[in-house]
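In the working numbering, the protein residues as written are 1 to 209.
What follows is a set of notes on a single structure, which appears directly below.
And the structure:
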């Protein structure tokens, strides 16, 4: 309902069973700290729209997640996802009216990181980049979104597949705290992809659509 109200240009169609389930997963997630959700769904199923745009945007303007990080296969792709969020904060009139303390250009407004007027920070990084130790002020990341960490090219290499998974387990997850929420809602490109391994990884709640 929030998406239909504030992002009607994205939420134009009836939701599917996947969307209804995802809505349940994300609703109230900000008060269930230390949650790790892994979902696999087909291409063109609006995964990024629901998660990396609508959910992240709501968490940010509401002030639910003080420091969020978007991770994608490249810094360029992660930057595009952040740009979509930034555009709505800048130009969406409905958001401006409902969230006057958050909407508009904030004190930090760059390609790789923004800080909203309510103090919330959102950063974006490509796979393999340094993340452990990242902070916004004294805060460690409160929400980390994994959005298609692997491309069609690097998934073909067993070495690169293992390297990306090692980065997730040794760098990304330790970058958070016990209170950090993680979401991985992606398309599976290989049976050994990070997205597939997270389905059954310890402490992760996995499901395939």
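Beta carbons are placed, not taken as given, at the ideal position from N, Cα and C, and that holds for glycine.
### Query
Do the CB positions of residue 86 and residue 187 come within less than 7 angstroms of each other?
Remark: C-beta atoms of residue 86 and residue 187 do not approach each other more closely than 7 angstroms.
#### Entry: Selection from 33, 124 and 162 that minimises the alpha carbon distance to residue 178
Comparing Cα positions, the closest option is 33.
### Task
Identify, in the order they occur along the chain, each residue of the same chain with its Cβ nearer than 6 angstroms to the Cβ of residue 39, setting aside the five sequence neighbours on each side.
For residue 39, where only same-chain residues beyond five positions count, the Cβ hits under 6 angstroms are 185 and 207.
### Query
Are residue 70 and residue 82 closer than 7 angstroms when you measure CB to CB?
Residue 70 places its beta carbon less than 7 angstroms from that of residue 82.
### Query
Do residue 147 and residue 68 come within 7 angstroms of each other at the CB atom, strictly closer than that value?
No, the Cβ-Cβ distance between residue 68 and residue 147 is not below 7 angstroms.
### Message
Using a Cβ distance threshold of 8 angstroms, determine whether the stretch 162-171 contacts the stretch 126-135, with at least three qualifying pairs required.
### Response
The answer is yes - the stretch 126-135 touches the stretch 162-171, with three or more Cβ pairs under 8 angstroms.
### Message
Closer than 6 angstroms to a non-hydrogen atom of the ligand SAH - does that hold for the CB of residue 149?
### Response
Judged by which ligands are present, the structure shown has none, so any question about the ligand SAH falls away.
### Query
What are the residues that DSSP puts in a beta bridge with residue 125?
Answer is 71, bridged to residue 125.
#### Entry: Whether residue 144 touches residue 171 by CB criterion (7 angstroms)
No, the pair does not count as a contact, with Cβ atoms beyond the cut-off.
### Task
With DSSP as the reference, label residue 120 as helix, strand or coil.
DSSP, reduced to helix, strand and coil, places residue 120 outside both helices and strands of the structure shown, so it counts as coil.
### For residue 78, the nearest candidate out of 110, 176, 28 and 155 (CA to CA)
Nearest option by C-alpha distance: 110.
### Task
Classify residue 180 as helix, strand or coil using the three-state DSSP reduction.
Per DSSP, reduced to three states, the secondary structure at residue 180 is coil, with no helix or strand assignment.
### Message
Between the alpha carbons of residue 191 and residue 159, how many angstroms are there, rounded?
### Response
Going by the C-alpha atoms only, they are around 14 angstroms apart.
### Endpoints, the beta strand (DSSP E) within which residue 210 is located
The chain is shown from 1 up to 209; residue 210 falls before or after that span and cannot be answered.
### Message
Restricting to Cα atoms, I'd like to know which of 35, 47 and 103 is closest to residue 209.
### Response
Among 35, 47 and 103, the Cα nearest to that of residue 209 is on 47.
### Query
Who are the Cβ neighbours of residue 16 in its own chain at under 8 angstroms, not counting the five residues just before and after it?
Setting aside the 5 residues that flank it on each side, residue 16 is surrounded in the same chain by 45, each with a C-beta closer than 8 angstroms to its C-beta; the list follows chain order.
### Message
Going by beta-carbon coordinates alone, are residue 96 and residue 102 separated by less than 7 angstroms?
### Response
Cβ atoms of residue 96 and residue 102: not closer than 7 angstroms.
### Message
Checking 7 angstroms against the spacing of the C-beta atoms, do residue 150 and residue 193 come in under that value?
### Response
Result yes, Cβ atoms of residue 150 and residue 193 sit closer than 7 angstroms.
### C-alpha distance - residue 118 paired with residue 36, whole-angstrom precision
Each residue's Cα considered, the two are about 26 angstroms apart.
### Query
Do you know whose CA, among 182, 6 and 183, lies nearest residue 93's CA?
For the residues 182, 6 and 183, the minimum Cα distance to residue 93 belongs to 6.
### Query
Nearest-angstrom Cα distance between residue 14 and residue 197?
Taking the straight line joining both Cα atoms gives about 31 angstroms.
### Message
Among 9, 57 and 12, whose alpha-carbon lies nearest the alpha-carbon of residue 26?
### Response
Residue 26 has its Cα closest to that of 57, out of 9, 57 and 12.
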